[in-house]
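Chemist:
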Amino acid sequence: MTPQLYFSCESLAADGTTQSTLKAVAPAHFVIAGWTGRDADAIQHHIHELELLGVPAPSTVPLYYRGSATLLTQADTIEVIGFESSGEAEPVLFHASGEWWLTVGSDHTDRKVETYSVAVSKQMCPKPIAKAAWRWTDVAGYQDELELHSRIFEHGKWVDYQKGTFASIRPLDSLRDGCYPGEAVDAGSFVSCGTLTAIKNAAGEGIRPAAQMELEIRDPRRQRSIIHRYAVDMLPVIA
């Protein structure tokens, strides 16, 4: 049985006040949307970025990868095999109580496995997800203003790893409908909606591993954020 996840779900009432409800959600389905950028040049840049790591180009864009719902976790630390995995901050939509909610998660991926199968690499690592969410209909109308930000702990300090707005990503409704069409959607359906290009460090490295990562989506209109931080325990590969 898939363990339940617990979200502090924030919604706006008719009078403009904020209400917060704790929801227990048992993940039933999990889809990871890839190659979701709106800018064709930016998509090509990301494809090239991954090709440098040996990752083959996608067959189509966007592309939907089925993932095991059991991969989703709100743990503060995840365990991965080897030293070649890394995370990516992504907006995540999930269905609960008859409607869609927005949170932030990390598509943590084994980069070595990714060189021969992206689909398999998606199954190799837990997928951290935050413990708070916003009602999607409350923010969908101005989603392009929402900010996506990640940081990693590198060389003894926190540094920016990804930074941009949802305007760089295809509208989340379209990505959701690409894998969950129609109104009859199971509770516990999740879709991870793509990411931003990694910011290179002084050594020119873009996508790279880190022992800690922080994820954030920020709503500048209402001056609020959802933040999730997790650590990575890299286990040795034993032959």
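For the working numbering, count along the sequence shown from 1 and bump the result up by 816. Yeah, the Cβ is synthetic: ideal placement off N, Cα and C, and Gly gets one too.
Given this structure, state the Cα-to-Cα distance separating leucine 868 from threonine 931, to the nearest angstrom.
Modeler: 10 angstroms
Chemist: Quick check on the DSSP output: what are the complete alpha helix (DSSP H) runs of length 4 or more inside the stretch 936 to 1009, in order along the chain?
Modeler: List check, alpha helix (DSSP H) in window: 952 to 955 and 988 to 995.
Chemist: Please give me, in chain order, every unbroken run of the beta strand (DSSP E) with length at least 3 that falls completely inside the stretch 864 to 941.
Modeler: 879 to 883, 893 to 897, 905 to 912 and 915 to 922
Chemist: For aspartate 954 and valine 1001, what's the separation of their Cα atoms in angstroms?
Modeler: If I take the Cα positions, the gap works out to 19 angstroms.
Chemist: In whole angstroms, what is the alpha-carbon distance linking glycine 883 and isoleucine 1042?
Modeler: 23 angstroms
Chemist: Does DSSP put alanine 849 in a helix, a strand or coil?
Modeler: strand
Chemist: According to the neighbour-count rule (16 or more other Cβ atoms, all chains shown, within 10 Å of its Cβ), is glutamate 895 buried or exposed?
Modeler: Classification for glutamate 895: exposed.
Chemist: Rounded to the nearest angstrom, how far is the Cβ of proline 878 from that of tryptophan 916, given a contact under 8 angstroms?
Modeler: With 8 angstroms as the limit, proline 878 and tryptophan 916 do not qualify as a contact, their Cβ atoms being about 18 angstroms apart.
Chemist: Specify whether the stretch 940 to 956 and the stretch 1027 to 1043 touch according to this definition: at least 3 beta carbon pairs, one from each stretch, less than 8 angstroms apart.
Modeler: The answer is yes - the stretch 1027 to 1043 touches the stretch 940 to 956, with three or more Cβ pairs under 8 angstroms.
Chemist: By the 10 Å Cβ neighbour count, where 16 or more other Cβ atoms means buried, how is tyrosine 822 classified, buried or exposed?
Modeler: exposed
Chemist: Determine the direct distance from the alpha carbon of threonine 833 to that of histidine 924, and round the result to whole angstroms.
Modeler: 35 angstroms
Chemist: Tell me which same chain residues have a C-beta within less than 7 angstroms of the C-beta of glutamate 961, skipping the five on either side of it?
Modeler: Cβ neighbours of glutamate 961 beyond the five flanking positions: Thr981, Pro1036 and Arg1037.
Chemist: From alanine 856 to arginine 927, what distance separates their C-alpha atoms?
Modeler: 23 angstroms
Chemist: From phenylalanine 899 to phenylalanine 969, what distance separates their C-alpha atoms?
Modeler: 15 angstroms
Chemist: For leucine 909 and leucine 988, which I take to be in contact (beta-carbon distance under 8 angstroms), what is that distance rounded to the nearest angstrom?
Modeler: Between leucine 909 and leucine 988, the beta carbon gap of about 6 angstroms places them in contact (Cβ cut-off 8 angstroms).
Chemist: May I ask you to report which of helix, strand or coil DSSP gives alanine 858?
Modeler: In the three-state scheme derived from DSSP, where H, G and I count as helix and E and B as strand, alanine 858 is classed as helix.
Chemist: Would you mind giving the Cβ-Cβ distance between proline 907 and leucine 828, rounded to the nearest angstrom? I have them listed as a contact below 8 angstroms.
Modeler: Not quite, the Cβ-Cβ distance comes to about 18 angstroms (not below 8 angstroms), so this is no contact.
Chemist: Could you name the residues of the same chain whose beta carbon sits closer than 6 angstroms to that of tyrosine 893, not counting the 5 residues immediately before and after it, in chain order?
Modeler: Strictly speaking, residue 893 in this sequence is threonine, with tyrosine absent from that position. These residues qualify, in order along the chain: Ala1047 and Asp1049.
Chemist: Give the range of the beta strand (DSSP E) segment to which aspartate 1035 is assigned.
Modeler: 1028 to 1035
Chemist: Evaluate serine 875 with the Cβ neighbour count: other Cβ atoms within 10 Å of its Cβ, from every protein chain shown; 16 or more gives buried, anything less gives exposed.
Modeler: exposed
Chemist: Could you pull out every residue in the same chain whose Cβ sits closer than 6 angstroms to the Cβ of alanine 983, ignoring the five residues on either side in sequence?
Modeler: Asp960
Chemist: Which residues share a DSSP beta bridge with valine 1048?
Modeler: Paired residue(s): Ile894.
Chemist: Going by DSSP, what residue range makes up the beta strand (DSSP E) through valine 841?
Modeler: 834 to 841
Chemist: Can you tell me whether leucine 821 is helix, strand or coil according to DSSP?
Modeler: In the three-state reduction of the DSSP assignment, leucine 821 falls in the strand class, which pools E and B.
Chemist: According to DSSP, is arginine 1040 helix, strand or coil?
Modeler: strand
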